[in-house]
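Comments concern the structure below.
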Amino acid sequence: MGHVHDRRQLDQPTDLEGLLDHLPARVLLDRMPGAVMGIAPDAVVAYANPALVSLFGYADGAMIGLDLSALLAGHAEATPADCMRLLEAAKDGDVVDWHHVEGYSVHTAVSAPLLLRATDPFLMLYITDVTELRWR
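Sequential numbering from 1 applies to the sequence shown in UniProt numbering.
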């Protein structure tokens with residue numbers, strides 16, 4: 001009889017492309033060092049990776065279900081549709097101000113929406129903290 005191999009070892013990709021093909025999107029998003037936010041059509045946070053949670057000062061899982069109008073600085077009275085339009089229209093590098101859980105503003109540059117086809121169930125944004133740059 002030949003060598004007995006662990007089945008998991010046989011299934012492991014041997015190159016980056018193979019790894020990315022087999023890596024669940026959630027795992028990849030959770031491992032990203034930059035902040036990623038997923039927003040449901042009703043303008044509530046549907047996904048927040050650990051970097052986003054840290055950026056806004058929330059406990060793990062506490063951002064899920066928060067209304068964008070409560071997070072977007074200067075938009076407390078905005079409708080969910082207004083909040084979605086603001087972020088859907090974002091272009092790479094647009095500055096968006098958010099409320100940190102402790103009450104101060106977090107200035108960020110946002111990506112153009114990562115998912116924006118009519119069939120995409122929600123909006124995804126990559127968010128970069130530029131607060132210190134704006135203080136200079």
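We put the CB at the ideal spot given by N, CA and C, even for glycine.
None of these values were measured; they are calculated from a predicted model.
Excluding sequence positions up to five away, which residues of its chain have a Cβ less than 6 Å from the Cβ of residue i?
i    : result
L114 : M124
K91  : A112
Taking 7 Å as the threshold (C-beta atoms), are residue j and residue i in contact?
i    : j    : result
V110 : W98  : no
M37  : A51  : no
S69  : A62  : no
G65  : V44  : yes
H22  : P13  : yes
A35  : I127 : yes
Are the C-beta of residue i and some C-beta of chain C separated by less than 7 Å?
i   : result
D97 : The structure shown contains no chain C; it holds only a single protein chain.
If you drop the 5 nearest sequence neighbours on each side, which residues of the same chain put their C-beta closer than 8 Å to that of residue i?
i   : result
D94 : A109, V110
M84 : I39, P41, A43, L68, L123
D60 : P50, V53
L29 : V36, Y47, N49
When DSSP builds the beta bridges, which residues end up paired with residue i?
i    : result
G18  : Partner(s): none; G18 has no beta bridge.
T128 : A109
Closest to residue i by C-alpha separation, out of the options, would be which residue?
i    : options             : result
A73  : E102, A59, L28, S54 : E102
D129 : P80, A25, S54, L16  : S54
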